[in-house]
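The block underneath contains the structure these notes are about, expressed in structure tokens.
Residue numbers (this note's numbering), protein chains in the order written: chain V, 1 to 138; chain L, 1001 to 1138.
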């Protein structure tokens, strides 16, 4: 059975206000009907910060920062966020972030979470078909 | 124990050529020491396509398209890719993509994969701390 779902969240600037609310935050996993992962799409205006610290007991999270600059606190550590910074946060670690006050571009980021079973390496559950024609090849 | 890892892949334009190779593709989960997820950072020049169709028997994948336009084939379906298109692909579904030939901007995208255990809803394994001061608050 062909099994997929599509959500369209728009250009990066559309992330700044989602459903009329800024800072934009949208949990899209339900619309995607995702089984094994959760995904949020986020934008923080310069100077804004997480509404609270949080941690997870089971879920690993990947923070993927696309635009803007800021700081991410991880327990007692603080790291700089820049475009392309990707951070894995393991269970039990508390985290909070701030978009740098002295910047103009929103901090736009994705957070993916999963947990419960370790992942096989790339390719170990995959299959390739090098002979099937692509639908755009005429 | 504070548990995190950081990888820095740079600005979107840095994704176009990774380790001197275009189209850029980097699997970053090992550097992140990710347990439950895999993550690749990708850029396809206009007109380029997947080197082959592929499918997974266990892993669900989320394709997150950031810039550019193109098409994603899912078995016999083909959907349009635009900035902000997010697609969950379930197990057993074959997929391949093409960056539109008639565009100038690279198709830059992320692919996250996980599998093996269903995910609890947001907040069901989380904890908040609304009292802890932020390290950037003086």
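Glycine included, every Cβ here is placed at the ideal spot set by N, Cα and C.
Item                                                                                                        : Value
8 Å Cβ cut-off: residues of chain L touching residue 60/V                                                   : 1034, 1035, 1036 and 1037
Within chain C, partners of residue 1132/L - CB distance below 7 Å                                          : No chain C appears in the structure shown, which is made up of the protein chains V and L.
Beta-carbon neighbours of residue 1110/L, restricted to chain V and to distances below 8 Å                  : 64 and 110
8 Å Cβ cut-off: residues of chain L touching residue 152/V                                                  : Not covered by the structure: residue 152/V. The range shown for chain V is 1 to 138.
Cross-strand partners of residue 70/V (DSSP beta bridge)                                                    : 81/V and 99/V
Interface partners of residue 1093/L on chain V, CB under 7 Å                                               : 2, 3 and 4
6 Å Cβ shell around residue 31/V - same chain, five flanking residues per side excluded                     : 7
Residue burial classification, residue 1099/L (beta-carbon count within 10 angstroms, cutoff 16)            : buried
Cβ-based burial, residue 1113/L [other Cβ within 10 Å; buried from 16]                                      : buried
Proximity test, Cβ basis, 9 Å: residue 14/V and chain L                                                     : yes
Of the residues 1054/L, 1047/L and 1004/L, the one placed nearest residue 59/V, counting alpha carbons only : 1004/L
CA nearest to the CA of residue 131/V, picked from 1053/L, 1067/L and 1130/L                                : 1053/L
Reference residue 139/V, options 1044/L, 1088/L, 1106/L and 1037/L, closest by Cα                           : Since the displayed chain V opens at 1 and closes at 138, residue 139/V lies outside it and no answer follows.
With 16 other Cβ atoms within 10 Å as the buried cut-off, status of residue 104/V                           : exposed
8 Å Cβ cut-off: residues of chain L touching residue 71/V                                                   : 1135 and 1136
is_contact[residue 1114/L, chain V] using C-beta, thresh 9 Å                                                : yes
Exposure of residue 1070/L, with buried meaning 16 or more beta-carbon neighbours within 10 Å               : buried
Any chain V beta carbon closer than 9 Å to residue 1048/L                                                   : no
Test: residue 1102/L CB closer than 9 Å to a CB of chain V                                                  : no
Inter-residue CB distance, residue 90/V and residue 1009/L (contact presumed, cutoff 8 Å)                   : That belief does not hold up - the Cβ atoms of residue 90/V and residue 1009/L are roughly 20 Å apart, past 8 Å.
Close Cβ partners of residue 73/V (< 6 Å) along its chain, the five nearest in sequence each way excluded   : 96
Three-way DSSP call (helix, strand, coil) for residue 1129/L in this model                                  : strand
9 Å Cβ cutoff met for residue 1055/L and residue 137/V                                                      : no
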